[in-house]
């Protein structure tokens, strides 16, 4: 089968053998938000020469306004419920010769409407399904950092909570468009570990995020850090503020981290500063998740 | 004398009698950041026909890169210390006929470098000096909300802490430039009290600001509020998060609010929701503060 993790900014395709092992992988830069409605043509250009019949996708491609809407399923949900929410889009692909005759499906997102402040995710649920086979029964906590970081709680193979933190988006806004941008280099510099750690420590001081971020401005004014270290200080502040409520919920459990190496370096460092154990996982768990959803749905 | 509160976006001038009472006031739209270096000409256009000899200013006009740098004085500071930090700029104005022969001065800003996360303010210290004459000895807490809200602690007439919260700036970034902008009207709608209160309540739930703001997005997705109510919900979230550490520091004291009516309506409502007493003060306290600084400096 073919597994496709099609997010807003890129497309990752995996060819899997019958046991679910990845035998070939490809990455396209054409995100689901950028292909201007030409979903079938874009997909065919990436996987057209792979002859597998079953294609299962996840991510923004299944959002409202995407190729097909695969509605959010309610939290809690396990593999069976997510597999049951898969939506077929075989017909929508048949006009493109390289996709005709294939069976195309899209995995659903998840929503948690139990609290007044609702949460949603799309794509991360499939990565967590891919993680499940590594987890023993019991309670586990996974963090998928990014623009909108997800903190996923798993209880005996069922996803039971999906709180989001807008860490990455707020970092980008403050870094690029606020008064804090003054004195920062435009290009993203390498992580400055000491400044990042200082941000983590400040976040724990209890003065509040809205106060702490102003300290990036005064750190520039009074020369506490070089300009190239200021983004790391801001990053440490925000990651620190993300971690505090998340770790309070997690108890003393280790945290499974899923994401790119660069992001996971920061989060592992932050977890270590909090005395927590970080367990790192490769970003392409979506392939394993899509395989598992397909097995649950089609046997 | 003439008192001038010259901030980044506008200029407020007051003509005071010998007892410090305001006998005339004018407001110009030419902020210290917008007059392109023509400070003397801009000031002369507003106050040139007032014949008082002494002109005392505060605000961004005294920032580095402004008309004159009136350096930040250290916190704690009382009226005497602030008055001693006033910087003369008589010579810089003498080339403009309407200002020649006058004595021009600028009040300093304040900085607090005692914590690693430093704080600064410029202009608000003078408003608080104007407030002092209304305060009995003891500890008082004043909130000056805005782009960068200031929470000023006063002990027996001395300003002893000046923590900042970037509430207004982050509101503007999230409202205008983040994913939360989707579904919000472009023009600022009237305050929706129920949505604002819901934001305040969510901020107290302990899930963290980075999580709570994502709830504005899901509130739009799932129709919890009308689009016109979403800015009020976001505002309630951010003001609520500003208040929590600030009120923890304030103890059970009433909070003196200084600012525009529209902002003070929100903050008074938020303080009431926290069971706190709000004491509202007019925004033009700077005139009284500049009068008091001038008396301390010149008798």
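Residue numbers (this note's numbering), protein chains in the order written: chain V, 1 to 299; chain D, 1001 to 1299.
Quick reminder that beta carbons are idealized off the backbone N, C-alpha and C, glycines included.
Through-space distance from residue 96 of chain V to residue 279 of chain V, alpha-carbon basis: Cα to Cα, the separation comes out at about 42 angstroms.
Same chain, Cβ closer than 8 angstroms to residue 1120 of chain D, five either side skipped, listed in chain order: Listed in chain order, the non-local C-beta contacts of residue 1120 of chain D below 8 angstroms within the same chain comprise 1072, 1109, 1110, 1111, 1112, 1162, 1164, local neighbours out to five positions each way being set aside.
First and last residue of the uninterrupted alpha helix (DSSP H) at residue 1169 of chain D: Per DSSP, residue 1169 of chain D belongs to the alpha helix (DSSP H) from 1167-1177.
Every unbroken alpha helix (DSSP H) inside the region 11-77 of chain V [4 residues or more]: With a minimum length of 4 residues, the continuous alpha helix (DSSP H) runs that stay inside the region 11-77 of chain V are 39-47.
Cα-Cα separation, residue 1143 of chain D to residue 1257 of chain D: Spanning the two alpha carbons is a distance of roughly 5 angstroms.
Cross-chain neighbours of residue 1159 of chain D in chain V, by beta carbon under 8 angstroms: In chain order: nothing, as chain V lies at least about 17 angstroms away.
Euclidean distance between Cα positions of residue 1002 of chain D and residue 1024 of chain D: Their Cα atoms are separated by approximately 10 angstroms.
Cross-chain neighbours of residue 1116 of chain D in chain V, by beta carbon under 9 angstroms: Simply 198, 201, 202, 205, 215, 219, 224.
Minimum Cβ-Cβ distance from residue 1165 of chain D to chain V less than 8 angstroms: Yes, residue 1165 of chain D lies at the interface with chain V (some Cβ there is under 8 angstroms from its Cβ).
Neighbour list for residue 120 of chain V in chain D, Cβ cutoff strictly below 9 angstroms: The contacting residues are 1214, 1217, 1218, 1221, 1222.
Extent of the continuous beta strand (DSSP E) run through residue 1147 of chain D: Counting along the chain, no beta strand (DSSP E) covers residue 1147 of chain D, and no H or E run does either.
Min CB distance residue 274 of chain V to chain D below 8 angstroms: No - not a single Cβ of chain D is within 8 angstroms of the one on residue 274 of chain V.
Strand pairing of residue 136 of chain V, partner residues [DSSP]: Within the DSSP bridge table, the entry for residue 136 of chain V names no partner.
Spatial distance of residue 1010 of chain D from residue 1101 of chain D (CA atoms): Answer to the nearest angstrom: the Cα atoms are 25 angstroms apart.
Reduced DSSP secondary structure (H/G/I, E/B, other) of residue 161 of chain V: Of the three classes helix, strand and coil, the one that applies to residue 161 of chain V here is strand, per DSSP.
Which residues DSSP lists as bridging residue 1210 of chain D, in chain order: Residue 1210 of chain D pairs with nothing; no bridge assigned.
Cut-off 6 angstroms between Cβ atoms - residues of its own chain near residue 254 of chain V, not counting five sequence neighbours on either side: 277, 279.
Sequence-distant residues of the same chain with beta carbon closer than 7 angstroms to residue 1270 of chain D, five excluded per side: For residue 1270 of chain D, where only same-chain residues beyond five positions count, the Cβ hits under 7 angstroms are 1200, 1239, 1240, 1243.
Residue span of the alpha helix (DSSP H) that contains residue 269 of chain V, given as start and end: 261-273 is the span of the alpha helix (DSSP H), which, as asked, contains residue 269 of chain V.
Residues near residue 1090 of chain D in its chain [Cβ-Cβ closer than 6 angstroms; skip 5 each side]: Around residue 1090 of chain D: 1103, 1104.
At least three beta-carbon pairs within less than 8 angstroms, the region 173-184 of chain V to the region 201-212 of chain V: Counting Cβ pairs under 8 angstroms, fewer than three are found: no touch.
Contacts that residue 1244 of chain D makes with chain V (C-beta to C-beta distance below 7 angstroms): Chain order gives the chain V residues near residue 1244 of chain D as 208, where near means a beta carbon separation below 7 angstroms.
CB contact below 8 angstroms: residue 1281 of chain D versus chain V: Chain V, which has no Cβ nearer than 8 angstroms to the Cβ of residue 1281 of chain D, makes this no.
Any chain V beta carbon closer than 8 angstroms to residue 1162 of chain D: It does not; no Cβ of chain V falls within 8 angstroms.
For residue 1297 of chain D, the first and last residue of its enclosing alpha helix (DSSP H): Looking at the DSSP string, the run of the alpha helix (DSSP H) that includes residue 1297 of chain D is 1285-1298.
Neighbouring residues, chain D, relative to residue 169 of chain V (Cβ below 8 angstroms): One finds 1178, 1179 in chain D with Cβ atoms closer than 8 angstroms to the Cβ of residue 169 of chain V, taken in chain order.
Contacts that residue 148 of chain V makes with chain D (C-beta to C-beta distance below 9 angstroms): Chain order gives the chain D residues near residue 148 of chain V as 1179, 1214, 1217, where near means a beta carbon separation below 9 angstroms.
Cα-Cα separation, residue 1220 of chain D to residue 1155 of chain D: In a straight line, the C-alpha of residue 1220 of chain D is about 45 angstroms away from that of residue 1155 of chain D.
For residue 1048 of chain D and residue 1136 of chain D, the rounded distance between their alpha carbons: Straight through space, the alpha carbons of residue 1048 of chain D and residue 1136 of chain D are spaced by roughly 38 angstroms.
Residue 280 of chain V - partner residues in DSSP beta bridges: Residue pairing by DSSP puts residue 280 of chain V in a beta bridge opposite V:257.
Spatial neighbours of residue 6 of chain V in its chain, beta-carbon cut-off 7 angstroms, leaving aside the 5 residues before and after: Cβ neighbours of residue 6 of chain V beyond the five flanking positions: 32, 57, 59, 60, 61.
Counted within 10 angstroms of its Cβ, other Cβ atoms place residue 275 of chain V as buried (16 or more) or exposed: Exposed, because fewer than 16 other Cβ atoms sit within 10 Å of the Cβ of residue 275 of chain V.
Simplified DSSP state of residue 1103 of chain D, which is helix, strand or coil: Residue 1103 of chain D sits in a strand when the DSSP states are folded into three classes.
Contacts that residue 1113 of chain D makes with chain V (C-beta to C-beta distance below 9 angstroms): Within chain V, the residues 218, 222 have their CB atoms less than 9 angstroms from the CB of residue 1113 of chain D, given in chain order.
Among D:1087, D:1044, D:1078, D:1125, the one whose alpha carbon lies nearest that of residue 1064 of chain D: The shortest C-alpha to C-alpha distance from residue 1064 of chain D to any of D:1087, D:1044, D:1078, D:1125 is the one to D:1087.
Between the CA atoms of residue 194 of chain V and residue 35 of chain V - distance to the nearest angstrom: Roughly 41 angstroms between the two C-alpha positions.
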